[in-house]
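Residue numbers (the numbering used here): 244 to 624. The C-beta atom is built at its ideal place from N, Cα and C for all residues, glycine as well. Since we're looking at a predicted model, the values are computed, not measured. Accompanying notes for the structure given below.
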Amino acid sequence: MERTIVHMDLDTFFVSCERLNHSEFNGIPLIIGGGDRGVVASCSYEARRFGVRSAMPIRMALKLCPDARVVRGDHDMYSQMSHMVTEIIQEKAPLMEKASIDEFYLDLSGMDKFFGCYKWTEEIAASVLKETGLPISFALSANKTVSKIGTGEAKPGKIEIKPQEIKPFLAPLSIKKIPMVGDKTFQLLSRMGIRTIHTLSEMPVLILQQMIGENGRELWKKANGIDENPVIAYSERKSISTERTFSSDTMDIPELKRLLSGMSEQLTYQLRKEKWLTSTVAVKIRYANFDTETKQCRVAYTSADHTLSRVALDLFSKAYTRRMRLRLIGLRFTGLVHGNHQMNLFEDTEEQMSLYQTMDNIKNRFGADAVGRASGFDLGK
244 MERTIVHMDL
254 DTFFVSCERL
264 NHSEFNGIPL
274 IIGGGDRGVV
284 ASCSYEARRF
294 GVRSAMPIRM
304 ALKLCPDARV
314 VRGDHDMYSQ
324 MSHMVTEIIQ
334 EKAPLMEKAS
344 IDEFYLDLSG
354 MDKFFGCYKW
364 TEEIAASVLK
374 ETGLPISFAL
384 SANKTVSKIG
394 TGEAKPGKIE
404 IKPQEIKPFL
414 APLSIKKIPM
424 VGDKTFQLLS
434 RMGIRTIHTL
444 SEMPVLILQQ
454 MIGENGRELW
464 KKANGIDENP
474 VIAYSERKSI
484 STERTFSSDT
494 MDIPELKRLL
504 SGMSEQLTYQ
514 LRKEKWLTST
524 VAVKIRYANF
534 DTETKQCRVA
544 YTSADHTLSR
554 VALDLFSKAY
564 TRRMRLRLIG
574 LRFTGLVHGN
584 HQMNLFEDTE
594 EQMSLYQTMD
604 NIKNRFGADA
614 VGRASGFDLG
624 K
């Protein structure tokens, strides 16, 4: 059966949320992000015309667009609005995957027997706009890769790419449009004269594998509009956790806090590696007499260690209320959704983002224990 896959993406999501509450932001260049040392989390189309882009240092963005208005992000509002949109789409779609806080995939395969899939998706987009005030773009094609690229080209708007149109649609586009092509791959391919998807699609698979490793075949398939990846049903119930039972009961608070910080660093690395964001943090302690206490709280979707570690330590202080030795401590992140570092851009400086990327690269190469922050060192097991 021929597949029908939709990619939906909320238009300049953070900007649109801010404009719902602040009509004075309409029509002006708007940048969402932290202070002068922070980076751009999102920006309006008016700012993009000046060359402003996400993840750009705010200082640079203001040089390009001096008249831009800079607003600090409102995590809670964005999470709430994302949840509202998720519920609207999930209620109507037969199969929905939440790819990030503002992106969704729908599998409408077989629905053309009963509905026109393009018209049906238009109606969902209209429902999102009517019920939340948020504009949402979409693309419909035979697979996830083509639909995601299509949304990027259609924004702000919509497009249907029929099977026979896939190759002509992709051919003139830059290889940067392919989701898995990062800066390093782009530079490598560009040096070889490969700059368009058409040129990439005609490269022999074996040569691509020699150039970029085992991902070469997958890249070739995407350049040729081939992607068998399924839409994965969305669920908020997933979690990751870790805990430690001590060989000897302890009430060494500084060491317990160092251990908890180390647990946070371990789990946040796992979040970033697997492209998850968490919305709930829970800390569990077990006293020497086996009484167990758990404290948890919701947070704005994030994978930032310095944010989640701070929350975990605060929860530990609330949970540990008796002067009694502990035999176990645990940390759990729940309410996971797929996403990337974008939500953290509001509070991260360039230095913090660079530090995360450097540490993650070292861990990816040499193992999760290869490097860590001093506060996270485990002084005893």
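Exposure of A476 is indicated by the presence of fewer than 16 other C-beta atoms within 10 angstroms of its C-beta.
Counting of Cβ neighbours within 10 angstroms places T375 among the buried residues, the total reaching 16 or more. For V328, the enclosing alpha helix (DSSP H) starts and ends at H318 to K335.
Annotation: the continuous beta strand (DSSP E) that includes R529 extends over W519 to Y530. With fewer than 16 other Cβ atoms inside 10 Å of its own Cβ, T537 counts as exposed. For Q513, the enclosing alpha helix (DSSP H) starts and ends at I496 to K516. Contact between the region 543-556 and the region 317-337 is present: three or more C-beta pairs spanning the two stretches fall below 8 Å. When Cβ pairs closer than 8 Å are counted between the two stretches, the region 291-303 is seen not to touch the region 323-335, the count staying below three. By the CB criterion at 8 Å, C260 and I274 fall outside the cutoff. Selection V371, S504, K465 and D495 evaluated against I332 yields V371 as nearest (Cα-Cα). Residue state for I275 is assigned as strand, using DSSP reduced to three classes. For a cut-off of 8 Å, the C-beta gap from I469 to I528 is around 50 Å, too long to register as a contact. With a cutoff of 8 Å on beta-carbon distance, I437 and I421 are scored as not near each other. When Cβ pairs closer than 8 Å are counted between the two stretches, the region 341-350 is seen to touch the region 248-264, the count reaching three or more. DSSP places H250 inside the beta strand (DSSP E), whose first and last residues are I248 to L253. The beta carbons of I392 and L416 sit closer together than 8 Å.
Taking 8 Å as the cut-off, the Cβ atoms of R568 and D492 count as close. When the beta-carbon positions are compared, P337 and C308 stay at least 8 Å from each other. Using a 10 angstroms sphere on the CB of I344, the tally of other CB atoms reaches 16 or more, which defines it as buried.
With a cutoff of 8 Å on beta-carbon distance, A368 and I379 are scored as near each other.
With 16 or more other Cβ atoms from the protein chains shown falling within 10 Å of its own Cβ, D548 counts as buried. Rounded to whole angstroms, L510 and L449 show a C-alpha spacing of 37 Å. For P399, the closest C-alpha among the options K405, V389 and A382 is that of A382. Distance check between V424 and each of E403, Q407, R460 and P447 places R460 closest, using alpha-carbon atoms only.
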